[in-house]
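Some notes on the structure that comes next.
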Amino acid sequence: MPRPSGEGQPDRRAAPLATRSPRPQLRRHSADRINRFARIRTVNSTRHRRPSLLLSLSALLVSSVVAVPFASAQQVGPANGSLIVAGGALSDPAVFARFVELAGGPSAPIVVIPTAGGGDSYDQYFRGRRPFEAAGATDITILHTYDPAEADTDAFVEPLLDARGVWFTGGRQWRLADSYLGTKVHDALWDVLDRGGVIGGSSAGASIQGSYLVRGDTRTNTIMMGDHEEGLGFLKGVGIDQHLLRRNRQFDLIEVIRAKPELLGIGIDENTAIVVQGDRFEVVGQSYAVIYDANATLDSGGLFYFLAPGDRYDMAARQAFRPSRGESAMQRVTGTPWPPGR
């Protein structure tokens, strides 16, 4: 495919850890039904929520090191497991096959979470399961609620306890934040990664995986920095945009990175994904991922650059590689910070 101009070599440097956004006010909705493959049942909501130990500890750690640059061992991605972050309109069967493989194969338990879509209910016939069935998966559960109190119950979280793969479908990412942030579901998702599983998502299911929630406003998805700014945080210090080139969004993340220059911005086009393991990711699919780093500009003055399928990127070192050229670092990216006001 023709390559857009502007790929190069990011500067090797230590990037500061992002300041955690203020916790958004979670909206409460009436309890929804859990629809599970081969058995559908209603789980009653609880009346009280417990604080998330994971998020409380994370906030304490972030506040104590906010001014400290990344150490060489700093994890941007999860220490265990894998992520697949897709830019929307995903139809490439190879990406779904990769997800099933990372989950452990066709018999691995997979949970699909359609909450971002905003439907009244989701049952065992939800079409979001079909790509995984086409990839050979045989154990698929649909898990959904809009009520964070319900998401904080042992009964609701039970399908996640032995899950090896979890997938978030598209829609509006703030719905995922409202429903699951700081609940037992959130903790259980980290447990999936800790035991070597995979978490993936497309469109809204991509953006929710960053620590900063891009396009999280409840009014419209054209507001980049809205009333929800906290994602699930599987990628620390990262903001993720999607449908990038197809919807002509390639300049939109500049606003976010100018306001929060400590963040790494990653934009992903449709039918394209990044596969994350540790601090590194590989681009897969049919189009491009785009990097926004406030301390790296092109020699032409450009503020972002493109990664094609097969290219790899180290999020801690802020360094891009092209394996087809012997894992060589890309050229044309300088260590010059972005100029002000552009």
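Quick note: to get this note's numbering, add 50 to the position in the sequence shown (first position is 1).
For each residue, glycine too, the CB sits at the ideal point set by N, CA and C.
Quick one: give me the first and last residue of the beta strand (DSSP E) that residue i is part of.
i: Gln369; result: 369-372
i: Ile192; result: 190-192
i: Gly251; result: 248-252
i: Phe218; result: 215-218
i: Ala184; result: Segment 180-184 is the alpha helix (DSSP H) holding Ala184; no beta strand (DSSP E) there.
i: Leu133; result: 132-136
i: Gly260; result: 260-262
i: Val162; result: 160-163
Express the C-alpha separation of residue j and residue i in angstroms, rounding to a whole number.
i: Gly137; j: Tyr262; result: 16 Å
i: Asp237; j: Phe284; result: 11 Å
i: Asn321; j: Gln336; result: 6 Å
i: Ala147; j: Val334; result: 12 Å
i: Ile316; j: Arg269; result: 23 Å
i: Asp135; j: Met274; result: What sits at residue 135 in the sequence shown is Val, not Asp. Looking at the two C-alpha atoms, the distance is approximately 19 Å.
i: Leu394; j: Gly281; result: With the chain covering 51 to 392 only, the question about residue 394 has no answer from this structure.
i: Thr384; j: Ala158; result: 44 Å
i: Ile163; j: Ser350; result: 43 Å
i: Trp388; j: Ala346; result: 7 Å
i: Glu377; j: Val325; result: 17 Å
i: Arg180; j: Ala256; result: 19 Å
i: Asp343; j: Arg265; result: 18 Å
i: Leu140; j: Tyr172; result: 20 Å
i: Leu295; j: Gly276; result: 22 Å
i: Ser132; j: Gln327; result: 5 Å
i: Pro198; j: Asp228; result: 7 Å
i: Ser55; j: Thr203; result: Per-residue confidence for Ser55 stands at a pLDDT of 40, beneath the threshold of 50, marking its modelled position as unreliable; the derived number appears in the next sentence. Near 50 Å, if we compare the C-alpha coordinates of Thr203 and Ser55.
i: Val126; j: Gly352; result: 25 Å
i: Lys310; j: Arg177; result: 37 Å
i: Pro128; j: Thr272; result: 29 Å
i: Val118; j: Lys286; result: In this predicted model, Val118 has a pLDDT of only 35, less than 50, meaning its place in the structure is not dependable enough to derive any value.
i: Gly168; j: Phe182; result: 21 Å
i: Val288; j: Ala366; result: 11 Å
i: Arg83; j: Thr195; result: Because the pLDDT of Arg83 is 33, which lies under 50, any placement of that residue in the model is unreliable, and the number read from its coordinates should be weighed accordingly. The alpha-carbon atoms of Arg83 and Thr195 are separated by roughly 7 Å.
i: Gln174; j: Asp319; result: 29 Å
i: Gly220; j: Ile258; result: 10 Å
i: Trp394; j: Val207; result: No answer is possible for residue 394: it lies beyond the span of the chain, which begins at 51 and ends at 392.
i: Gln381; j: Leu348; result: 9 Å
i: Asp170; j: Gly250; result: 23 Å
i: Ser252; j: Thr386; result: 32 Å
i: Thr92; j: Pro156; result: Unreliable placement is indicated for Thr92, whose pLDDT of 28 sits below 50; no coordinate value is reported for it.
i: Arg297; j: Gly260; result: 20 Å
i: Glu332; j: Trp224; result: 27 Å
i: Asp189; j: Ala323; result: 23 Å
i: Ala205; j: Asn130; result: 26 Å
i: Asp302; j: Thr233; result: 31 Å
Quick one: measure Cβ to Cβ for residue i and residue j, integer angstroms, because I've assumed they're closer than 8 Å.
i: Val235; j: Ala153; result: The pair is not a contact, with the Cβ atoms about 18 Å apart (cut-off 8 Å).
i: Arg222; j: Ala166; result: 6 Å
i: Phe371; j: Ala379; result: 6 Å
i: Thr191; j: Val161; result: 5 Å
i: Ala185; j: Pro143; result: 7 Å
i: Asp267; j: His278; result: 7 Å
i: Arg330; j: Tyr355; result: Actually they are not in contact, since the Cβ atoms of Arg330 and Tyr355 sit about 17 Å apart, beyond 8 Å.
i: Ile304; j: Leu313; result: Not a contact, Cβ separation roughly 12 Å.
i: Leu210; j: Val242; result: 7 Å
i: Val340; j: Gln300; result: 6 Å
i: Leu226; j: Ala201; result: The Cβ separation is near 10 Å, so there is no contact.
i: Gly360; j: Pro373; result: 6 Å
The alpha helix (DSSP H) spanning residue i covers which residue range?
i: Leu239; result: 234-244
i: Leu285; result: Leu285 -> not in any alpha helix (DSSP H); beta strand (DSSP E) instead, spanning 285-292.
i: Arg299; result: Note, Arg299: premise wrong, no alpha helix (DSSP H); not H, not E.
i: Phe206; result: 204-207
i: Val150; result: 143-153
i: Trp224; result: 223-230
i: Ala201; result: 198-201
Please decide whether residue i counts as near chain C, where near means a Cβ-Cβ distance under 8 Å.
i: Val248; result: This model lacks chain C altogether, as it is built from one protein chain only.
task = For the stretch 139-157 and the stretch 214-221, state whether three or more C-beta atom pairs, one from each stretch, are separated by less than 8 Å.
result = Cβ pair count under 8 Å is three or more, so yes.
Inside the stretch 315-386 only - beta strand (DSSP E) runs reaching at least 3 residues = As far as the stretch 315-386 is concerned, its whole beta strand (DSSP E) runs of at least 3 residues are 322-327, 330-335, 339-343, 354-357, 362-364, 369-372.
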